[in-house]
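Numbering of the sequence shown is given in this note's numbering, commencing with residue 2 and proceeding in unit increments.
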Amino acid sequence: MKKDSDLPISACPDASNTPARNLVVNQQEHVANPDDIPAPPSLVNRKFLVPPQPGSRPRTTDSFKSVPFSDLPYYIPNIRAPYVSFNGAINIAGVEVNKEKGLLFILMPYLDKAEFDHLELFFKDPSDPVASYTINQDDVDSGRAIPLYVPPTRIIHGPANPVFVRLTRLGGSTNETLHLNLFIDLARPGGRNPVASTVQNENLALPVFPQHLIDFGVGQEDIGSPIPVQIKPYPVNTALPDDTFRKPRDRIRLSIGGVIVVHSVTEAEAGGAGDIVIMVNTSTWTSIGSGSHVCEYEVVDEAGNHSDGWSPAQILDVQLDDGSEPLLPMTFVQEAPENILDHDALVGDAHVFIFISGNGYALGDIIRVTVNGRTVEGEPLVTTYDSAPLTSTTAVYITVPVPNADIKALVGGRFQLRYKRIRSDVPDRNSRSNIVDVIGTALPVGLAPPYVIEATGDTLNPQELFFNVVIPSYQGQNYFDLVTLVFAGTYANGNAYYREDIDVAGDGEGIRLISNGPLGDINKLEGGTLEIYYTVQNESGVRASRGNLYNVGQPAASLLEPLVLEAPAPGYQFDPAVSLGNASVRVQPDTDIKEGDTVRLYALGNAPGGTPTLQPFPITDFWEGRPLPFTLPRANVLPNTVMRIYYARERLHAPTRFSHQVDMNVGSAPELGVPTVLEATVVSPTSSTLNPTHVVSPPVFTVRVDYSPMFASDDITVKLIVKPGLTAPIITPKPGNPSQGYVDFTVSNTNIADHIGEILKIQYHVSRAGAVYDSGVLELRVLNFHELPGGNPLPQATINGLVSGATLNLASFTENPKASVLPWPLIRADQRAWMTLSSAGIEPLDILKNYKVKSTEIGTGIKDKEAIRTWFSQIDAGARIQLDFKVALDATPNRDKAIEFPPTHYIFDNWLDSITNFNDGTSGEWTIGTAGRDAIFRLGTMDVITIYPDNSGTVLYRDFTFTKNQQYRFTLDVLNYSPHSDNVAPILEVFAPNMTIIPRYTVPRDAKWKTLANTFSFNESGEYTIRIHNHQERGSGSGTEGGNDFQLDNIIVTRE
2 MKKDSDLPIS
12 ACPDASNTPA
22 RNLVVNQQEH
32 VANPDDIPAP
42 PSLVNRKFLV
52 PPQPGSRPRT
62 TDSFKSVPFS
72 DLPYYIPNIR
82 APYVSFNGAI
92 NIAGVEVNKE
102 KGLLFILMPY
112 LDKAEFDHLE
122 LFFKDPSDPV
132 ASYTINQDDV
142 DSGRAIPLYV
152 PPTRIIHGPA
162 NPVFVRLTRL
172 GGSTNETLHL
182 NLFIDLARPG
192 GRNPVASTVQ
202 NENLALPVFP
212 QHLIDFGVGQ
222 EDIGSPIPVQ
232 IKPYPVNTAL
242 PDDTFRKPRD
252 RIRLSIGGVI
262 VVHSVTEAEA
272 GGAGDIVIMV
282 NTSTWTSIGS
292 GSHVCEYEVV
302 DEAGNHSDGW
312 SPAQILDVQL
322 DDGSEPLLPM
332 TFVQEAPENI
342 LDHDALVGDA
352 HVFIFISGNG
362 YALGDIIRVT
372 VNGRTVEGEP
382 LVTTYDSAPL
392 TSTTAVYITV
402 PVPNADIKAL
412 VGGRFQLRYK
422 RIRSDVPDRN
432 SRSNIVDVIG
442 TALPVGLAPP
452 YVIEATGDTL
462 NPQELFFNVV
472 IPSYQGQNYF
482 DLVTLVFAGT
492 YANGNAYYRE
502 DIDVAGDGEG
512 IRLISNGPLG
522 DINKLEGGTL
532 EIYYTVQNES
542 GVRASRGNLY
552 NVGQPAASLL
562 EPLVLEAPAP
572 GYQFDPAVSL
582 GNASVRVQPD
592 TDIKEGDTVR
602 LYALGNAPGG
612 TPTLQPFPIT
622 DFWEGRPLPF
632 TLPRANVLPN
642 TVMRIYYARE
652 RLHAPTRFSH
662 QVDMNVGSAP
672 ELGVPTVLEA
682 TVVSPTSSTL
692 NPTHVVSPPV
702 FTVRVDYSPM
712 FASDDITVKL
722 IVKPGLTAPI
732 ITPKPGNPSQ
742 GYVDFTVSNT
752 NIADHIGEIL
762 KIQYHVSRAG
772 AVYDSGVLEL
782 RVLNFHELPG
792 GNPLPQATIN
802 GLVSGATLNL
812 ASFTENPKAS
822 VLPWPLIRAD
832 QRAWMTLSSA
842 GIEPLDILKN
852 YKVKSTEIGT
862 GIKDKEAIRT
872 WFSQIDAGAR
882 IQLDFKVALD
892 ATPNRDKAIE
902 FPPTHYIFDN
912 WLDSITNFND
922 GTSGEWTIGT
932 AGRDAIFRLG
942 TMDVITIYPD
952 NSGTVLYRDF
962 TFTKNQQYRF
972 TLDVLNYSPH
982 SDNVAPILEV
992 FAPNMTIIPR
1002 YTVPRDAKWK
1012 TLANTFSFNE
1022 SGEYTIRIHN
1032 HQERGSGSGT
1042 EGGNDFQLDN
1052 IIVTRE
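(1) In terms of residue numbering, what span does the beta strand (DSSP E) encompassing W835 cover?
(2) Use the C-beta contact count for F963: other C-beta atoms within 10 angstroms, 16 or more gives buried, fewer gives exposed.
(3) Have a look at R939, H906 and I929 and flag the residue whose alpha-carbon is nearest the alpha-carbon of G922.
(4) Cβ of V487 within 7 Å of any heavy atom in the ligand MG?
(5) State the Cα-Cα distance for the pair A1014 and T1003, rounded to the nearest angstrom.
(6) Which class does I408 belong to by DSSP, given the choice of helix, strand or coil?
(7) Once DSSP output is grouped into helix, strand and coil, what is the label at P473?
(8) How do the segment 868 to 882 and the segment 910 to 917 stand: do at least 3 beta-carbon pairs fall below 8 Å, yes or no?
(9) Between P609, P686, K595 and E625, which has its C-alpha nearest A1144's C-alpha?
(10) In the DSSP output, what is K887 paired with across the bridge?
(11) Residues in the same chain with beta-carbon distance under 6 Å from L973, minus the five sequence neighbours each way, listed in chain order, please.
(12) Leaving out five residues before and five after Q968 in sequence, what residues of the same chain have Cβ atoms less than 7 Å from its Cβ?
(13) Once the 5 residues before and after T642 are set aside, which same chain residues still bring their CB inside 8 Å of it?
(14) Determine the DSSP secondary structure at V32, reduced to helix, strand or coil.
(15) In terms of residue numbering, what span does the alpha helix (DSSP H) encompassing S749 cover?
(16) Rounded C-beta distance between D716 and P734? I'm assuming under 8 Å.
(17) For I454, collect the residues of the same chain with a Cβ closer than 7 Å to its Cβ; drop the 5 residues on either side in sequence, then sort them by chain order.
(18) In terms of alpha-carbon separation, which member of H344, L629, I620 and P640 lies closest to T612?
(19) Jot down the residue ranges of each uninterrupted beta strand (DSSP E) in the segment 120 to 162, minimum 3 residues, whole runs only, in chain order.
(20) What residue does the alpha helix (DSSP H) around S284 start on, and which one ends it?
(21) Would you report the Cα separation of V565 and R601, rounded to the nearest angstrom?
(22) What are the residues that DSSP puts in a beta bridge with I341?
(23) So, at 7 Å on beta carbons, what are the nonlocal neighbours of P428 in its own chain, with the 5 sequence-adjacent residues on each side left out?
(24) Quick check: what's the CA-CA separation for L514 versus E465?
(25) Would you grab the beta carbon distance between I316 and I436 for me? Rounded to a whole angstrom, and I think it's under 8 Å.
(26) For F333, list the residues DSSP reports as bridge partners.
(27) Is it right to say T332 is buried, meaning 16 or more other beta carbons lie within 10 angstroms of its own, or is it exposed?
(28) Count the other C-beta atoms from every protein chain shown that fall within 10 angstroms of the C-beta of G933, then say buried if there are 16 or more, exposed otherwise.
(29) Roughly how many angstroms lie between the CA atoms of D302 and L673, to the nearest whole one?
(30) Out of E101, E532, S388 and Q797, point me to the one whose CA is closest to D366's CA.
(31) Rounded to the nearest angstrom, what separates S17 and Y551 at their Cα positions?
(32) Would E378 be called buried (16 or more neighbouring beta carbons within 10 Å of its own) or exposed?
(33) When the Cα atoms are used, what is the spatial distance from T857 to A271?
(34) Which of the three DSSP states is assigned to F786 in this structure?
(35) Ordered along the chain, which non-local residues of its own chain (more than five positions away) have a Cβ less than 7 Å from that of R635?
(36) Would you kindly work out how many angstroms separate the C-alpha atoms of Y765 and D407, rounded to a whole number?
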């Protein structure tokens, strides 16, 4: 990014937006009283002025000082104009940039601006202002533009009119700005993507090309005439709201290989039901060029809202007469089966697999892989990776690594994977494309926040002469992206501060130098806060970063709040029915309020006539160190519903210091009880219990706010007070609903999952005409699953699907045992899981340890996690095995506080009786040894034929796992069928290591089956090999050298 920018400030700041170069001059000249020097005016962004101003010359805040109030334009950051039939539109990005404060309106300085001018912002309701402000002398002297916010509860999709500001002068005369007719457009064209796990929006249909071009590609002969591309009506789901359907002046941005073709929807097209046809002409195809290209589109409506992702992609091969060779074969990622790359499972880098042999490569060729990605937020990200020069053309394949960090940036998105062959003195040869989806743990939404190098933690020193604000580089960054750095602060007295600074993105990260000093903006914010964020605007739209919130100075650095005797903390409520006289204010003693200073009290009402004129208080020696008394006349107090009370300490040749502010509510405070949770059971007036299974489907719980009287102008905000270590959710505020008598808020059940077995505290706040009232706190105890009536609903983990209490017989399968668990109530991605096998006397086996649940497992549960088979070899038959499963439902890696699922118990076994009868014509699970190598299987027996000079050795052998001290029985049927009486007989023995099971037995030649049997046991558990051995060497000749032929049947090994 561009470094050390010193461009003029481009939007309306607060009191002292002095460009850095002027500050330096002032400091060098050592001006006697810098507070007497007015801050230079700041440039404003003309496109945000409503109504538009004539001419093209630059405008500053000073440009409007001679403009009558009734002709004063508004400055509305991020407004979209023109917008047919309205003065302008506010889109989703414009609303979300100040999501907690609301929609920002900035009022310029105006003709005859004076102290105690009272400003009221009206938004749709001309009788109920949504914001108000009383001008003070510093606002007049500094030419400050006044920021006013429309509360989030009032920002609702649809027309907003009238919108205006009313000025009430101290004498009671009034004037109003132009009444605006705005449109709040909070609907994305095409609607929300119905499949959150995909980056493409399934409510936008695939762009349709002529079928023969999809089948055979685009050739030179095809582009002589424009090629039609059909865009079907959107959204695909026609049950969505009407405002998500295509509308006039929607812009369809068709991307073919990154070349954008824009089509503006006409009135006729918007009103029709047919497809929209975009003609792609010859020159565009020439720009696209040969290759395998991704074709997709997005929609941007008239207000600037982008569709929720791009359409599904069509791959289109293009082969023009530009000297290019036929496309090389498609490639793939080794770690991405079915073209789904799971970053969570990726160990190290990903590897692109490219076939070499038979594809026309030469020694020294370089292969350049291109990952043409789109992040989860739809931002393009293109990276390339080169192979080393080829040293072999006969190798079947090579792999090119893609760094793990580059894959991580695309989690939740997708990328087009292609490559090209690069060879000296010939055109590059492109490949066909593949599309890979990237899944895994999502990155934080939004651009990375800016930060101040000089900050200490979350605190800025207001005495610093300058600050360096770092804007991190971001994915998809282009040099000429418009980057607007925003400073949104609050003074110690509660006044709002706003400033913008515009520059190009440049290359890499950027550093903005923000000068400060005695007249600096940040110096004057001492005791307040400053949030810093930025927006990026390019052809893809406007994106906002996450913000960093800083304290300016230590809290003790600002002066103590004033005391109102009739409205003490914490309620600060002035009740006229109780307090029958004036309001008495006391400024508390402070070591920095000294003789010669002046203290000026500000008591700013929110109604005309509600701001008293107060004399400044000179500090003499007898007042130093004492409370300073001020009186607010009752006549000025009663018109208000709230008064902002603070004071300033003024000192010659020194910066003015402000106190913290007291918001004094006027009137009888409403009696607010505690909120209720509809799915919970009330235990007492301030506590309830909740069965967590009651908030599984749908996955929300409902907080009901009920008080009386409730007004439509009330703004209600629900707050969750969560346990330490978690972040409380931001719940969208709502206006009061007096006709219904209550307001319901739906809240994600993740907050219930986070508090299983614990207490979640819930409170609400009511803002009424500027006064804020706090309700009582509901203590919601979320029951643990083992406390629930009817039994614990959590599923038990299983091995190989066996229910608890079953026998786990390792001999019944050969692979590793596999553990699984079905989905559980309140399951979500990134929860942590532990699964452990244990048995008495041996070290437990961790199957899962701090395992992060994947999004793909939400519907299926965790499946087929292998337990190492060798661990079971330590366990005796009949022993008890326990399978434990625990989940941290709050997604923290704390095993000790994870929720325990019901354990699963198995009886271990490692034995199956072995019966081998040769009926299937094989030796079954026995392996044929050297002495049985010419055996044949017939009539359900094994015929052992001896034809070698030495026929002794193992006939059959097999491994068994035996348990110590357990009795087993071995049985074998044998028949000697040698044809002559003088033939030699086989001599059989059955043995295991260090044990004879069947002693040597000479099989008689009587053509009768003999059954050999014996019992045996081992002193130690383990795996042993049983061998059936023939000790007779002879048998290959005739007479006494012949014979030794026999049959085996019914080899049985059983456990007694």
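Using N, Cα and C, we set each Cβ at its ideal position, and we do this for glycine too.
Looking at the coordinates:
(1) R833 to S840
(2) buried
(3) R939
(4) The model on display carries no ligand, and the ligand MG is accordingly not part of it.
(5) 14 Å
(6) helix
(7) coil
(8) yes
(9) Given a span of 2 to 1057 for the chain in the structure shown, any question on residue 1144 remains unanswerable.
(10) W835 and E901
(11) L1013 and I1052
(12) T1016, S1018 and E1057
(13) N607, A608, N666, V667, G668, R769, A770, G771 and A772
(14) Confidence is the limiting factor: at V32 the pLDDT is only 35, short of 50, which leaves the residue's position unreliable and the question unanswerable from this model.
(15) Looking at the DSSP string, S749 is not in any alpha helix (DSSP H); the run it does join, the beta strand (DSSP E), is V744 to S749.
(16) 6 Å
(17) N469 and V471
(18) P640
(19) 130 to 135 and 147 to 151
(20) T283 to I289
(21) 16 Å
(22) D438
(23) G324 and S325
(24) 12 Å
(25) 7 Å
(26) F354
(27) buried
(28) buried
(29) 43 Å
(30) S388
(31) With a pLDDT of only 34 at S17, under the threshold of 50, the placement of this residue in the model should not be trusted; the figure read from the coordinates follows. Computed Cα separation, rounded: 19 Å.
(32) buried
(33) 38 Å
(34) helix
(35) G582 and N583
(36) 43 Å
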